[in-house]
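Undergrad: First residue of the sequence shown: 307, per the numbering used here; consecutive thereafter. Glycine residues also receive a C-beta, built at the ideal position from the N, C-alpha and C atoms. None of the values given here were measured: they were computed from a predicted structure.
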Amino acid sequence: MTVRHSCGGCENLWTGVARAHCCACHETFDSVGLFDMHRSRGKCKKPQSLRMTWDGVWRSGLLVRQPPFEMSLVGPGRRGAATA
Ligand SMILES: [Zn+2]
Ligand SMILES: [Zn+2]
307 MTVRHSCGGC ENLWTGVARA HCCACHETFD SVGLFDMHRS RGKCKKPQSL RMTWDGVWRS
367 GLLVRQPPFE MSLVGPGRRG AATA
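Below, the structure written as structure tokens:
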């Protein structure tokens, strides 16, 4: 059964309890974490400015834009060479 949520302040409908809709700017976010990100000191930031991407809801763009981790060079390790 699909649970629907609505705002009351706009006509948005969304599904999923984990979604977070902002009653101030009427954007819908994929998670409460993203919602928290866009709320800064009681004000709404534009999702775009936080590198979120729109996919029906705002999602974190950081997940797909993650820079490749630098591989730490792990040497072969020195094992007390040829002590036998
Ligand atoms: Zn907002
Ligand atoms: Zn709304």
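(1) Work out the CA separation of T334 and K349 for me, nearest whole Å.
(2) Check the DSSP bridge columns for H311 and list the partner residues they point to.
(3) Is S355 helix, strand or coil when you go by DSSP?
(4) Would you call A330 buried or exposed, if buried means 16 or more other Cβ atoms sit within 10 Å of its Cβ?
(5) Cα-Cα, which of Q354, H332 and M343 is closest to E317?
(6) What three-state label does DSSP hand H344 in the structure shown?
(7) Assuming R365 is part of the beta strand (DSSP E), what are its boundary residues?
TA: Let me lay it out:
(1) Within the sequence shown, residue 349 is the residue found at index 43, counting from 1. Within the sequence shown, residue 334 is the residue found at index 28, counting from 1. Distance between the alpha carbons of K349 and T334: 15 Å.
(2) Counted from its first residue, the sequence shown places residue 311 at position 5. H311 is bridged by DSSP to W320.
(3) Taking the first residue of the sequence shown as 1, we reach residue 355 at position 49. For S355, the secondary structure class from DSSP, reduced to helix, strand or coil, is helix.
(4) Locating residue 330 in the sequence shown gives position 24, counting from the first residue. A330 is exposed by the Cβ-count criterion.
(5) Numbered from its first residue, the sequence shown carries residue 317 at position 11. Of Q354, H332 and M343, the residue nearest in Cα terms is H332.
(6) Sequence index remark: in the sequence shown, residue 344 carries index 38 (1-based). Taken through DSSP and simplified to helix, strand or coil, H344 comes out as helix.
(7) Counting from 1 along the sequence shown, the entry for residue 365 is found at position 59. Counting along the chain, R365 sits inside the beta strand (DSSP E) bounded by residues W364 to S366.
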